Amino acid sequence: MDRSEPVVSDLSGGVLRLTLNRPERLNAFNEPMHLALRAGFERARDDAAVRAVLLTGAGRGFCAGQDLGDRDPRKGGPAPDLGQTLERFYNPTLRLMRGLEKPIVCAVNGVAAGAGANIALACDIVLAATSARFIQAFAKIGLIPDAGGSWNLARILGEPRAKALALTAEPVSAETAAGWGMIWRAVPDDALMAEAGALAAALAAGPTLGLGLTKRLIQAAAGNDLDTQLDLERDCQRQAGQSADYAEGVIAFLDKRKPEFRGR
Ligand code: LHQ
Numbered sequence: 002m003d004r005s006e007p008v009v010s011d012l013s014g015g016v017l018r019l020t021l022n023r024p025e026r027l028n029a030f031n032e033p034m035h036l037a038l039r040a041g042f043e044r045a046r047d048d049a050a051v052r053a054v055l056l057t058g059a060g061r062g063f064c065a066g067q068d069l070g071d072r073d074p075r076k077g078g079p080a081p082d083l084g085q086t087l088e089r090f091y092n093p094t095l096r097l098m099r100g101l102e103k104p105i106v107c108a109v110n111g112v113a114a115g116a117g118a119n120i121a122l123a124c125d126i127v128l129a130a131t132s133a134r135f136i137q138a139f140a141k142i143g144l145i146p147d148a149g150g151s152w153n154l155a156r157i158l159g160e161p162r163a164k165a166l167a168l169t170a171e172p173v174s175a176e177t178a179a180g181w182g183m184i185w186r187a188v189p190d191d192a193l194m195a196e197a198g199a200l201a202a203a204l205a206a207g208p209t210l211g212l213g214l215t216k217r218l219i220q221a222a223a224g225n226d227l228d229t230q231l232d233l234e235r236d237c238q239r240q241a242g243q244s245a246d247y248a249e250g251v252i253a254f255l256d257k258r259k260p261e262f263r264g265r
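My numbering puts the first residue of the sequence shown at 2, with every later residue one more than the last.
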């Protein structure tokens, strides 16, 4: 692994693998890492060769949130504007991830704390090593859950668990997270990367347009009433039905062979 890149980016078989790469700081975010991660998701959005993203971390951690050494209060000066940090760095990346009409798989290889936990929860399918923990660490330092955490936790878990996690900063194991529906699956440590890689590869070989529309629909559901959602399904299905991958899927079914989707 190249130690000089804050995020290592590798495109293979339609999967863009993005590896957070500050292992000595448990992949905590500094400015270069923020910018590199955002550039990775911009590439995923703009490059048709990317058909799925796999996000993971180098070393023993996934991501420990914001690098707290970057703004050491002992250095003096005025209190930092953390709202601006969110506006400049986190929020654009969270919006890119949510708007990306390609699946994002997250392989949580170790501890995910603060904004690191919430970046993981913002991915579409989250697998975690059984040794990994999710920690809403914010309460320990007087902050609020950011990086979409207050929104995602409340939606995924409901208020009772979301509030308890955010107010206590109690770690949640991968198995508990899976049991609560906070993530898709807990996987033995030594099997995590193979399983996440295979899942991302299968998604990248899928009907990209249809998968992207599916992501859009499921994300829209909670904010829509049934009539609005039915209209949206109609519009998306119309679009999906015009794709070459839909024709290929049907022909492959009728020919009793595996489809070869091209992502259009
Ligand atoms: C770290 C960090 C870290 C620097 C471990 N920074 N070095 C948004 C807007 C703007 C500003 C503020 O924040 C935010 C969003 C946020 O994300 S706020 C939440 C920030 N994150 C945290 O509060 C988590 C802090 N880290 C921890 O509580 C622990 O490190 C965890 C529980 C993640 C892991 O514990 P251990 O497995 O015991 O590892 P460790 O604590 O020994 O960490 C290993 C090294 O990584 C260590 O450095 P050292 O030189 O002693 O080996 C840590 O200082 C460093 N590190 N997290 N966020």
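Where a beta carbon is used, it is the ideal one built from N, C-alpha and C, also for glycine.
Treat the numbers as computed from the prediction; the structure is a model and nothing was measured.
Assigned secondary structure, Asp1 (DSSP; H/G/I helix, E/B strand, else coil): For residue 1 there is no data in the structure shown, the boundaries of the chain being 2 and 265.
Count the other CB atoms within 10 Å of the CB of Asp266; is the residue buried (16 or more) or exposed (fewer)? Since the first and last residues shown for the chain are 2 and 265, residue 266 lies out of range.
query: For the candidate residues Ala129, Ile120, Ser132 and Val127, whose alpha-carbon lies nearest to that of Pro311?
result: The requested residue 311 is not part of the displayed model; the chain covers only 2 to 265.
Q. Given that a residue counts as buried once 16 or more other Cβ atoms are within 10 Å of its Cβ, and exposed if not, what is Thr86?
A. Stepping through the sequence shown from its first residue, residue 86 is reached at position 85. Buried, because 16 or more other Cβ atoms sit within 10 Å of the Cβ of Thr86.
Tell me whether Ala29 counts as near the ligand LHQ, meaning its Cβ is closer than 6 Å to at least one heavy atom of that ligand.
In the sequence shown, the residue the question calls residue 29 occupies position 28. Within the cutoff, so yes.
Between Val112 and the ligand LHQ, is the CB less than 6 Å from at least one heavy atom?
-> Locating residue 112 in the sequence shown gives position 111, counting from the first residue. Within the cutoff, so yes.
If you compare alpha carbons, which of Arg186, Ala187, Leu21 and Gly150 is closest to Ala170?
Here residue 170 is taken as the residue at index 169 of the sequence shown, counted from 1. Answer by Cα proximity: Gly150.
*Hey, Gly66 and Gly117: beta-carbon distance below 7 Å or not?*
Position 65 of the sequence shown, counting from 1, holds the residue named residue 66. Position 116 of the sequence shown, counting from 1, holds the residue named residue 117. Going by C-beta atoms, Gly66 is nearer than 7 Å to Gly117.
Neighbourhood of Pro24 by C-beta, 6 Å cutoff - its chain only, sequence neighbours within 5 removed
The sequence position of residue 24 within the sequence shown is 23, counting from 1. Closer than 6 Å at Cβ, skipping near neighbours: Ala59 and Gly60.
*Collapsed DSSP secondary structure at Ile184 in the structure displayed*: The sequence position of residue 184 within the sequence shown is 183, counting from 1. The answer is coil: DSSP assigns Ile184 none of H, G, I, E or B.
Taking a contact to mean a Cβ-Cβ separation below 7 Å, would you say Ala123 touches Val109 in this structure? The count along the sequence shown starts at 1 and reaches residue 123 at position 122. The count along the sequence shown starts at 1 and reaches residue 109 at position 108. No.
_Quick check: is any heavy atom of the ligand LHQ less than 6 Å from the C-beta of Gln67?_
In the sequence shown, counting from the first residue as 1, residue 67 sits at position 66. Yes; taking the cut-off as 6 Å, the Cβ of Gln67 has a heavy atom of the ligand LHQ nearer than that.
ask   = Should Ala187 and Ala179 be called a contact, given that it needs their Cβ atoms to be closer than 7 Å?
value = Position 186 of the sequence shown, counted from the first residue, corresponds to residue 187. Position 178 of the sequence shown, counted from the first residue, corresponds to residue 179. Yes, the Cβ-Cβ distance between Ala187 and Ala179 is below 7 Å.
Q) Can you check whether the CB of Ile126 is closer than 7 Å to the CB of Val106? A) Start at 1 with the first residue of the sequence shown, and residue 106 comes out as number 105. Start at 1 with the first residue of the sequence shown, and residue 126 comes out as number 125. Yes, the Cβ-Cβ distance between Val106 and Ile126 is below 7 Å.
(Q) Taking 7 Å as the threshold (C-beta atoms), are Glu43 and Gly213 in contact? (A) Taking the sequence shown and counting its residues from 1, one reaches residue 213 at position 212. Taking the sequence shown and counting its residues from 1, one reaches residue 43 at position 42. Taking 7 Å as the Cβ cut-off, Gly213 and Glu43 do not qualify as a contacting pair.
Practice prompt. Using 6 Å as the cut-off, classify the Cβ of Ala116 as near or not near the heavy atoms of the ligand LHQ, replying yes or no.
Written response: One-based indexing of the sequence shown puts residue 116 at position 115. Yes, the ligand LHQ has a heavy atom inside 6 Å of this Cβ.
### Task
Please classify Thr57: is it buried, with 16 or more other beta-carbons within 10 angstroms of its beta-carbon, or exposed?
In the sequence shown, the residue the question calls residue 57 occupies position 56. That one is buried.
| Nearest residue (CA-CA) to Thr20, options Glu6, Asn92 and Glu32 | Counting from 1 along the sequence shown, the entry for residue 20 is found at position 19. Minimum Cα distance to Thr20 is reached at Glu6.
Could you tell me which whole beta strand (DSSP E) segments of length 3 or greater appear in the stretch 117–186?
126–130 and 134–136
task: Please work out which residues of its chain come closer than 7 Å, Cβ to Cβ, to Ala155, disregarding the five sequence neighbours upstream and downstream, and give them in chain order.
output: Numbered from 1 along the sequence shown, position 154 holds the residue referred to as residue 155. Ala163.
Where Phe30 and Ser10 are concerned, what is the direct C-alpha to C-alpha distance, given to the nearest angstrom?
-> Within the sequence shown, numbered from 1, the residue matching residue 30 stands at position 29. Within the sequence shown, numbered from 1, the residue matching residue 10 stands at position 9. Cα-Cα distance, rounded: 16 Å.
Note to self: For a quick check, are the C-beta atoms of Ala133 and Ala199 less than 7 Å apart?
What the structure shows: Here residue 133 refers to the residue found at position 132 when the sequence shown is read from its first residue. Here residue 199 refers to the residue found at position 198 when the sequence shown is read from its first residue. Against a cut-off of 7 Å, the Cβ pair of Ala199 and Ala133 comes out as no contact.
Practice task
Identify whether Arg61 lies in helix, strand or coil by the three-state DSSP scheme.
Solution key: Position 60 of the sequence shown holds residue 61. Of the three classes helix, strand and coil, the one that applies to Arg61 here is coil, per DSSP.
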